[in-house]
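Participant:
2 protein chains.
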Amino acid sequence: MTEIDDVDHQLLRMLREDGRRTFSEMAPEVGLSVAAVKRRVDRLRQSGVITGFTVQVDHSKLGWSIEAFVELTYTGTTPVGEIVRTAYKTAEVQAVFTIAGAPDSLVHVRVRDIGHLQHVIDGLRRTGNVTGTKTLMILGSWTRN
Amino acid sequence: MTEIDDVDHQLLRMLREDGRRTFSEMAPEVGLSVAAVKRRVDRLRQSGVITGFTVQVDHSKLGWSIEAFVELTYTGTTPVGEIVRTAYKTAEVQAVFTIAGAPDSLVHVRVRDIGHLQHVIDGLRRTGNVTGTKTLMILGSWTRN
DNA sequence: TCTGAAAGCACCGCCCT
DNA sequence: AGGGCGGTGCTTTCAGA
Chain G
1 MTEIDDVDHQ LLRMLREDGR RTFSEMAPEV GLSVAAVKRR VDRLRQSGVI
51 TGFTVQVDHS KLGWSIEAFV ELTYTGTTPV GEIVRTAYKT AEVQAVFTIA
101 GAPDSLVHVR VRDIGHLQHV IDGLRRTGNV TGTKTLMILG SWTRN
Chain Y
1 MTEIDDVDHQ LLRMLREDGR RTFSEMAPEV GLSVAAVKRR VDRLRQSGVI
51 TGFTVQVDHS KLGWSIEAFV ELTYTGTTPV GEIVRTAYKT AEVQAVFTIA
101 GAPDSLVHVR VRDIGHLQHV IDGLRRTGNV TGTKTLMILG SWTRN
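The listed protein sequences correspond, in order, to chains G and Y.
Using the UniProt record's numbering, you'd call the opening residue of the first sequence number 1 and step up by one each time.
Using the UniProt record's numbering, you'd call the opening residue of the second sequence number 1 and step up by one each time.
In structure tokens form, the structure reads like this:
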């Protein structure tokens, strides 16, 4: 576990709000020089606390307006790696969570319409040794910054 | 729904991999000038396809090593806004999904240890008119870039 | 570890095609 | 819509405290 001080937390919070915020903009806010801020952010990347930067996309604006979680249960012999591998080959799968207990995994999917969802679920059913699925249709979502 | 061409998709893919990639770095890859790339990204922000940029953090490196989904069910009279509001006031809540059917919502939480998880779940139980919870402990996860 | 300065680059607005 | 230029600001490195 990496030790982080208050200034680092401030920097992380600012970068969570806007990952393209400049060092020269953040420097006066944390009361350090631009070079010091850069050194800290570089260090956070080096130590693996910051794993990267990314863009946030509104997929509904691109026509992918339906989201769902699919709970999957497998036969007892199915290895975890297999579960993830079969799921992420599917382009519509956004994330895969392996779970302790029942269900065995939770798959976040994003699709264009209901027919498309049906197709993706059918695909998930066919892969691995799926013994059951339950689909949770997402009506709305909120994510912390 | 916004119309997007292949170059825009390329730009989005590159920015998903690294949200701080520069226009001058992307321009030769898509075969356009720097100015043209900037105009396209500006247009994607303007049209709402790009909602922002953010940093990706490895929370386990900071000691928040346990993740779980909590399925919540409410009394029939609980409005959706109430569900989300009570959940996101809790700092440990990363995301809230409102669901069609049962359960009524799915809450993604991140905590330091099991005792902490217990505390957060107790808090969720107390808020609103929760009639039941089910906790899915996350063993591993994979997210598409 | 921080600051400050200098050199290199990217960004951004403007004009032109 | 894309290309190119010039001014401005940011980034990056290095010396010094």
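Glycine included, C-beta positions come from ideal geometry on N, C-alpha and C.
Please report the Cβ distance between Y/Leu136 and Y/Ala68, rounded to the nearest whole angstrom; I am assuming they are in contact, meaning their Cβ atoms lie under 8 Å.
Facilitator: So it is a contact: roughly 6 Å between Cβ atoms.
Participant: Just the Cα atoms here: how many angstroms apart are Y/Val49 and G/Ser60?
Facilitator: Looking at the two C-alpha atoms, the distance is approximately 8 Å.
Participant: With 8 Å as the threshold, decide whether the Cβ of Y/Tyr88 is near any Cβ in chain G.
Facilitator: It does; some Cβ of chain G falls within 8 Å.
Participant: Taking the C-alpha atoms as reference points, what is the distance between G/Tyr74 and G/Ile66?
Facilitator: The alpha-carbon atoms of G/Tyr74 and G/Ile66 are separated by roughly 25 Å.
Participant: Could you pull the DSSP bridge partners for G/Leu15 from this structure?
Facilitator: G/Leu15 is not bridged to any residue.
Participant: Please name the residues in the stretch 44–59 of chain G whose beta-carbon is closer than 8 Å to at least one beta-carbon of chain Y, in chain order.
Facilitator: Per Cβ criterion, the list reads Ser47, Gly48, Val49, Ile50, Thr51, Gly52, Phe53, Thr54, Val55, Gln56, Val57, Asp58.
Participant: Looking at the strands, I want to know which residues DSSP matches up with G/Met137.
Facilitator: Per DSSP, G/Ala68, Y/Ala100.
Participant: What in chain G is Cβ-close to Y/Val93, meaning under 8 Å?
Facilitator: Here the neighbours are Arg144.
Participant: Kindly list, in the order they appear in chain Y, the residues whose Cβ is closer than 8 Å to that of G/Thr98.
Facilitator: Correct list: Ile138, Leu139, Gly140, Ser141.
Participant: Kindly indicate the opening and closing residues of the beta strand (DSSP E) around G/Ile50.
Facilitator: It spans 50–57 - the beta strand (DSSP E) in which G/Ile50 sits, taken as one unbroken run.
Participant: Indicate the three-state DSSP secondary structure (helix, strand or coil) for Y/Thr77 in the structure shown.
Facilitator: Coil at Y/Thr77, not helix or strand.
Participant: Beta carbons nearer than 7 Å to chain G: which residues of the stretch 102–118 of chain Y have them?
Facilitator: Those would be Leu106, in chain order.
Participant: Taking the beta strand (DSSP E) that G/Arg110 belongs to, which residues open and close that run?
Facilitator: Counting along the chain, the beta strand (DSSP E) containing G/Arg110 begins and ends at 105–111.
Participant: Label Y/Pro103 either buried or exposed according to how many other C-beta atoms from any shown protein chain fall within 10 Å of its C-beta, with 16 as the threshold for buried.
Facilitator: Classification for Y/Pro103: buried.
Participant: How would you label G/Val8, buried or exposed, when you count the other beta carbons within 10 angstroms and need 16 or more for buried?
Facilitator: In the sequence on display, residue 8 of chain G carries Asp and not Val. By the 10 Å Cβ count, G/Asp8 comes out buried.
Participant: Which residues in chain Y have a C-beta closer than 7 Å to the C-beta of G/Val130? List them in chain order.
Facilitator: Result: empty, since nearest Cβ-Cβ is about 17 Å, beyond 7 Å.
Participant: Per DSSP, which residues does Y/Ala35 bridge with? Please list them.
Facilitator: According to DSSP, which records beta bridges pairwise, Y/Ala35 is partnered with nothing at all.
Participant: Can you tell me the Cα-Cα spacing of Y/Leu11 and Y/Ser24, whole angstroms?
Facilitator: Going by the C-alpha atoms only, they are around 12 Å apart.
Participant: Helix, strand or coil for Y/Ala27? Go by DSSP, reduced to three states.
Facilitator: Of the three classes helix, strand and coil, the one that applies to Y/Ala27 here is helix, per DSSP.
Participant: Look at the Cβ atom of Y/Gln94, then the Cβ atom of Y/Val80, and state whether they are nearer than 8 Å.
Facilitator: Their beta carbons are not under 8 Å apart, which means Y/Gln94 does not touch Y/Val80 by this criterion.
Participant: Output, in chain order, the set of chain G residues within a Cβ distance shorter than 7 Å of Y/Leu12.
Facilitator: By Cβ distance, chain G contributes Val55, Val57.
Participant: Chain Y beta carbons: is any one of them nearer than 8 Å to that of G/Thr2?
Facilitator: So yes, G/Thr2 belongs to the interface.
Participant: Find the nearest neighbour of G/Arg112 within the set G/Gly63, G/Asn129, G/Gly76, G/Ile83, judged by alpha-carbon distance.
Facilitator: Of the candidates G/Gly63, G/Asn129, G/Gly76, G/Ile83, the one whose C-alpha sits nearest the C-alpha of G/Arg112 is G/Gly63.
Participant: Give the C-beta separation of Y/Val120 and Y/Glu92 to the nearest angstrom, bearing in mind that I take them to be a contact with Cβ-Cβ under 8 Å.
Facilitator: Y/Val120 to Y/Glu92, Cβ: 5 Å. Contact.
Participant: What do you reckon, are the CB atoms on Y/Gly19 and G/Gly128 nearer than 8 Å?
Facilitator: Not in contact: Y/Gly19 and G/Gly128 (Cβ atoms no closer than 8 Å).
Participant: Taking C-beta pairs closer than 9 Å, name the residues in chain Y that G/Asp42 reaches, listed in chain order.
Facilitator: Correct list: empty, because the minimum Cβ distance to chain Y is about 13 Å.
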